[in-house]
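Per my numbering, the sequence shown starts with residue 2, numbered consecutively. Using N, Cα and C, we set each Cβ at its ideal position, and we do this for glycine too.
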Amino acid sequence: YIRIHEVSRDKDASGGIGYEAWIYIVWDPKLSEYALMWLDNTAATDFSSEGVGHAKPDGDRIPFIYSFADGSGIRTTFAYDRTTDTWAWTIHNLDKSGSASPFANVVLVRKD
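If you want it as structure tokens, here you go:
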């Protein structure tokens, strides 16, 4: 698996970390797809299937989809740029009609 530890620069009211997440990405050889589990400090109460995104590789892109019971969802995409050796990480909220609205856009750079 790959583990990403995300920590915001923002602080909460008591001066602690405003947002923190542990993100796990695994490859499922039986399904030929990736699975992604996002654990953060916002409201995790269980490990429901809604908390796991799934993605079939698409070239240098890994487009994860989370589908929620109410018909909405989240699309989290990791896209590798071979020329810069970086990953673009974008997150879009999906409404019940499937329309996407941007939530986050980050570039991941290799740390030596």
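How many Å lie between residue i and residue j at the Cα?
i, j, result
"A14", "T43", "14 Å"
"V107", "W90", "5 Å"
"V53", "I66", "9 Å"
"F69", "T84", "36 Å"
"P30", "G16", "43 Å"
"P58", "H93", "18 Å"
"D86", "G60", "15 Å"
List the residues that DSSP assigns as beta-bridge partners of residue i.
i, result
"N106", "T91"
"K1", "Shown here, the chain extends from 2 to 113; a query on residue 1 therefore has no answer."
"S33", "Looking at the DSSP assignment, S33 forms no beta bridge with any residue, so it has no partner."
"D41", "A22"
"R4", "Y25"
"G54", "L37"
Sorted by chain position, which residues of the same chain lie with C-beta nearer than 6 Å to residue i's C-beta, five sequence neighbours on each side aside?
i, result
"E7", "A22"
"I24", "I5, W39"
"G19", "S9, D11, K12, D13"
So residue i and residue j are in contact, right, with Cβ under 8 Å, and what is the actual spacing, rounded?
i, j, result
"W88", "A101", "Not confirmed; about 20 Å, so no contact."
"R62", "T77", "With 8 Å as the limit, R62 and T77 do not qualify as a contact, their Cβ atoms being about 11 Å apart."
"D113", "K97", "Contact flag wrong, Cβ pair sits at about 44 Å."
Point to revise | Segments of 3+ residues assigned as beta strand (DSSP E) that fall wholly inside the stretch 57–83 | key: Counting only runs of 3 or more, we get 62–68, 74–82.
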